[in-house]
Amino acid sequence: MFLNYKPTWMVEAVYKITPAQLKKLGIKAVLTDLDNTLIAWNNPDGTEELFSWILEMRNAGIPVVVVSNNNSKRVARAVEKFDLLYVSRAMKPLAIGLNKAKKKLGFSSDEIIMVGDQIMTDIRSANRAGIRSVLVKPIVETDSWKTRFNRFWERKIMAYLLKKYPDMEWRGGIE
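Remember, my numbering sits 2 above the position in the sequence shown when you count from 1.
Quick look at the structure:
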């Protein structure tokens with residue numbers, strides 16, 4: 003019933019995903035949500051851990067593209083210090099934004115993953131686009147008012163998925 007919301011992997015944090023893991027799976031690019039995935043929704047400055055992860059991906063030749071439902075001004079402000087490509091107003095849970103990012107990169111769906119903290123938007127859009135997905139734990143426990151509604155339904159959907167798929171568990175990477 004809720005299979006459209008099932009992530010391919012569940013990983014503690016985006017920083018746990020390594021170039022070696024990606025290359026082993028034939029993944030050449032990472033699409034990622036912004037708020038509560040890369041940065042705390044209420045603190046756009048990021049952390050040293052994030053800077054290190056982006057540098058590690060860049061050094062490995064793996065592009066990271068932010069795909070966010072936020073407006074261009076908000077996303078540009080957040081990613082400028084990281085020098086990342088982005089797609090704003092992505093319209094997740096639709097696949098529109100992910101398909102735009104995929105086209106920018108020139109990779110096929112099986113060469114890309116989508117990382118996000120919400121099954122209702124990030125994981126659903128990845129499944130619609132035919133892209134493997136990684137659900138990560140939100141960076142902070144709080145959410146903007148726009149996200150709180152989704153979290154209510156996510157808890158119910160996750161309870162169903164975890165019961166139906168006992169192999170769904172938080173891991174230290176995507177291997």
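In this text, a Cβ means the ideal position worked out from N, Cα and C, and glycines have one as well. These figures come from a predicted structure and were not determined experimentally.
If you count every other CB in all the chains shown that lies within 10 Å of the CB of residue i, and 16 or more means buried, which is it?
{"i": "residue 156", "result": "buried"}
{"i": "residue 15", "result": "buried"}
{"i": "residue 135", "result": "buried"}
{"i": "residue 2", "result": "Coverage of the chain is limited to positions 3 through 177, which leaves residue 2 absent and any answer about it impossible."}
{"i": "residue 6", "result": "exposed"}
{"i": "residue 110", "result": "exposed"}
{"i": "residue 128", "result": "buried"}
{"i": "residue 164", "result": "exposed"}
{"i": "residue 88", "result": "buried"}
{"i": "residue 131", "result": "buried"}
{"i": "residue 101", "result": "buried"}
{"i": "residue 103", "result": "buried"}
{"i": "residue 90", "result": "buried"}
{"i": "residue 38", "result": "buried"}
{"i": "residue 108", "result": "exposed"}
{"i": "residue 97", "result": "buried"}
Identify which residue in the options has its Cα closest to the Cα of residue i.
{"i": "residue 9", "options": "160, 64 and 165", "result": "160"}
{"i": "residue 94", "options": "120, 113 and 112", "result": "120"}
{"i": "residue 137", "options": "166, 168 and 173", "result": "173"}
{"i": "residue 49", "options": "75, 130 and 141", "result": "141"}
{"i": "residue 133", "options": "167, 27 and 170", "result": "27"}
{"i": "residue 63", "options": "37, 29, 171 and 76", "result": "29"}
{"i": "residue 59", "options": "106, 25 and 168", "result": "25"}
{"i": "residue 86", "options": "98, 112 and 31", "result": "31"}
{"i": "residue 65", "options": "106, 75 and 45", "result": "106"}
DSSP has residue i in a bridge; who is on the other side?
{"i": "residue 11", "result": "136"}
{"i": "residue 87", "result": "67"}
{"i": "residue 173", "result": "13"}
{"i": "residue 118", "result": "137"}
Tell me whether the beta-carbon of residue i lies closer than 8 angstroms to the beta-carbon of residue j.
{"i": "residue 80", "j": "residue 41", "result": "yes"}
{"i": "residue 84", "j": "residue 56", "result": "yes"}
{"i": "residue 69", "j": "residue 35", "result": "yes"}
{"i": "residue 92", "j": "residue 61", "result": "no"}
{"i": "residue 152", "j": "residue 122", "result": "yes"}
{"i": "residue 167", "j": "residue 4", "result": "no"}
{"i": "residue 13", "j": "residue 125", "result": "no"}
{"i": "residue 52", "j": "residue 116", "result": "no"}
Can you give, in chain order, each stretch of the alpha helix (DSSP H) that sits fully within the stretch 20-51 and has at least 4 residues? Counting whole runs of 4 or more residues, the stretch 20-51 contains the alpha helix (DSSP H) stretches 21-26.
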